[in-house]
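Peer 1:
Numbering (the numbering used here), first residue to last: 352 to 527.
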């Protein structure tokens, strides 16, 4: 009888150990899945913010296509990103790079609209002066030297110490 109780006791101990191991595995798997969902800290254009990992991946994928010079794909991915994450801290950057991608594929009319909306939405953004210069370049490409000159004048007035303003002043000479 005692040996049967010992056997039962050993079986219960093994069952308990198995249950504890399974519980540990489940907990680790759950923690792993949770970690994938936790927001991550990102630094972009001199700003720190927290974003969802999927959102970060989507922005990086879209941005990567610009670096590779695939402007058609960039326009599609950035436009999709802006629709999917309208409240994203990446939104200003996405809009700025969308304008650059549109310019890159010679869609100057759309680039003008995008750069205008970027500067209107984020006049304090570190890339706002660059956006105005790109807007002026787009206007020049659209054979609108008067509009380009006005945009550069606005750029120099609003951001007098920026590199973009210095480049804009040089550009003015070629817009006569």
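Even glycine gets a Cβ: it sits at the ideal position worked out from N, Cα and C. Quick caveat: nothing in here was measured; it's all calculated off a predicted structure.
Using DSSP with H/G/I as helix, E/B as strand and the rest coil, what is residue 392?
Peer 2: strand
Peer 1: Assuming residue 468 and residue 446 form a contact by the criterion Cβ under 8 Å, report the distance between their Cβ atoms to the nearest whole angstrom.
Peer 2: 6 Å
Peer 1: Residues bridged to residue 400 by DSSP?
Peer 2: 393
Peer 1: Which ranges would you report for the alpha helix (DSSP H) in the region 399–438 if only whole runs of at least 4 residues count?
Peer 2: 404–418, 422–435
Peer 1: Should residue 402 and residue 441 be called a contact, given that it needs their Cβ atoms to be closer than 8 Å?
Peer 2: yes
Peer 1: Along the chain, where does the alpha helix (DSSP H) containing residue 451 start, and where does it finish?
Peer 2: Looking at the DSSP string, the run of the alpha helix (DSSP H) that includes residue 451 is 442–455.
Peer 1: Nearest by alpha-carbon distance to residue 493: which of 474, 504, 526, 415 is it?
Peer 2: 526
Peer 1: Expressed to the nearest angstrom, what Euclidean distance is found between the alpha-carbon atoms of residue 521 and residue 503?
Peer 2: 10 Å
Peer 1: To the nearest whole angstrom, what separates the beta carbons of residue 479 and residue 510, a pair I think is in contact under 8 Å?
Peer 2: 7 Å
Peer 1: Quick one: give me the first and last residue of the alpha helix (DSSP H) that residue 459 is part of.
Peer 2: 459–472
Peer 1: Is it true that the CB of residue 454 sits closer than 8 Å to the CB of residue 485?
Peer 2: yes
Peer 1: Quick one: Cα of residue 496 to Cα of residue 410, how far?
Peer 2: 34 Å
Peer 1: Cutting at 8 Å between CB atoms, please list the residues of its own chain near residue 483, excluding the five before and the five after it.
Peer 2: 466, 470, 502, 503, 505, 506, 509, 510, 515, 519
Peer 1: For residue 494, which of helix, strand or coil comes out of DSSP?
Peer 2: coil
Peer 1: State the DSSP-derived secondary structure class of residue 373, mapped to helix, strand or coil.
Peer 2: helix
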